[in-house]
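Worksheet: the structure to be examined is printed underneath.
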Amino acid sequence: MRTSLTVKNPGRRFLGCMNYKEKNGCNFFVWIDPETCPRGLEYAKIMQAKKEELEKQVEVLKMKNERLERGRQMVEEENDALVVKLADLTEMNVNLTTTIEAVNAQIGARKTREIGPSYCRNIIVVVVIVFVIGVLMSSVNHNYPKKNYLYLP
């Protein structure tokens, strides 16, 4: 038993020889199902048209899917390259940060050696100047008569 897939007899079952249409085949052929009504044939044509439209959409979607897959592969390859680049840049950043920290430590040590004594020397000079000015001012103030600012007439 087989099923017809033609537009005239859609889905209609029949019995027939496998070699019915061939030269050496037998002529045995019998319909099992009754003939399809006119409305059924109309409906079959509509369904066939929808099927063909859906098959076209499937082909369009397959092509679109292939294009998207190629794009995805390209993005994945680019992403892999960027991951490698990021790893290289991260390693370079760590190395540069270590170098900067070492240079800053050397600069700090130099500043401590160079600025420390001069800073102390500057403080000593300022203290001496203030002391000398204080001594000079005290000797100058002794020469003037003292005024009593609290005196009221």
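Our numbering puts the first residue of the sequence shown at 4, with every later residue one more than the last. Glycine residues also receive a C-beta, built at the ideal position from the N, C-alpha and C atoms. Small disclaimer: the values here were computed from a predicted structure and weren't measured.
{"Check": "Please report the residue range of the beta strand (DSSP E) in which residue 13 lies.", "Outcome": "13 to 19"}
{"Check": "Tell whether a beta-carbon distance below 8 Å holds between residue 4 and residue 35.", "Outcome": "yes"}
{"Check": "If you draw a straight line from the alpha carbon of residue 137 to that of residue 124, how long is it in whole angstroms?", "Outcome": "20 Å"}
{"Check": "For residue 70, count the other beta carbons within 10 Å of its own beta carbon; 16 or more makes it buried, fewer makes it exposed. Which is it?", "Outcome": "exposed"}
{"Check": "For residue 51 and residue 17, I'd like the C-alpha separation in whole angstroms.", "Outcome": "20 Å"}
{"Check": "Taking C-alpha atoms, which residue in 21, 38, 108 lies nearest to residue 30?", "Outcome": "21"}
{"Check": "What's the call for residue 75, buried or exposed, on a 16-neighbour Cβ count within 10 Å?", "Outcome": "exposed"}
{"Check": "Please state whether DSSP places residue 10 in a helix, a strand or coil.", "Outcome": "coil"}
{"Check": "Buried or exposed: where does residue 73 fall if 16 or more other Cβ atoms within 10 Å of its Cβ makes it buried?", "Outcome": "exposed"}
{"Check": "If distances are taken between C-alpha atoms only, which option among 27, 8, 93, 98 comes closest to residue 39?", "Outcome": "8"}
{"Check": "Within 10 angstroms of its Cβ, does residue 60 collect 16 or more other Cβ (buried), or is it exposed?", "Outcome": "exposed"}
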